[in-house]
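Novice:
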Amino acid sequence: MYRPVGIDCTVSFKGRRYSVPFCFVGQSVEVRGLAGRVQVLKDMAVVAEHARGTAEPVVRDEEHYEGKDTDRVRAPMPLGRMGRRMQEIAASGVQHRSLDLYARLTCFVQHV
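Once you know that position 104 of the sequence shown is 106 in this note's numbering, the rest is easy, because the numbers rise by one and skip nothing.
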């Protein structure tokens, strides 16, 4: 199946997002789900490969965000400390809380 590469250098496939080298941003690539891995191809050449069935909703290869500008796309800025922290938070998964907690918070806010 063909998917567009987003400005975050990822493609969507089967409920997850997989990174692709930044030079493919805005282009359509072929995504193949194979046994245990996901391949991303451009013009029949494999440009990215990731493990399939991981727990993470976004699977990244940091090398996909490195390199020099191209005629068409500027290279991403280095993440820095805040960017790395945001990646850690995103990778930590969703916290599950009781709906009662939110009901109590709503009551608290209304009485303040």
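The beta carbon of each residue, even a glycine, is placed where N, CA and C say it ideally should be.
Let me check understanding here. Comparing Cα to Cα, which of G28, A47, G38 and M46 lies closest to V75?
Specialist: G28
Novice: So, with DSSP's three-state summary, where would you put Q41?
Specialist: Looking at Q41 - three-state DSSP - the assignment turns out to be strand.
Novice: Would V33 pass as a contact of V22 if the rule is Cβ separation under 7 angstroms?
Specialist: no
Novice: By DSSP, does T12 sit in helix, in strand, or in coil?
Specialist: strand
Novice: Quick check on Y104: buried or exposed, where buried means 16 or more other Cβ atoms within 10 Å of its Cβ?
Specialist: exposed
Novice: With distance defined between alpha-carbon atoms, name the residue in V13, L107 and A93 nearest to R99.
Specialist: Minimum Cα distance to R99 is reached at L107.
Novice: Does the stretch 58-70 come close enough to the stretch 12-26 to have 3 or more Cβ pairs within less than 8 angstroms?
Specialist: yes
Novice: Leaving aside the five residues before and after P59 along the sequence, list all residues of the same chain whose C-beta is less than 6 angstroms from its C-beta, in chain order.
Specialist: R18
Novice: Note the first and the last residue of the continuous beta strand (DSSP E) segment covering A53.
Specialist: A47 to A53
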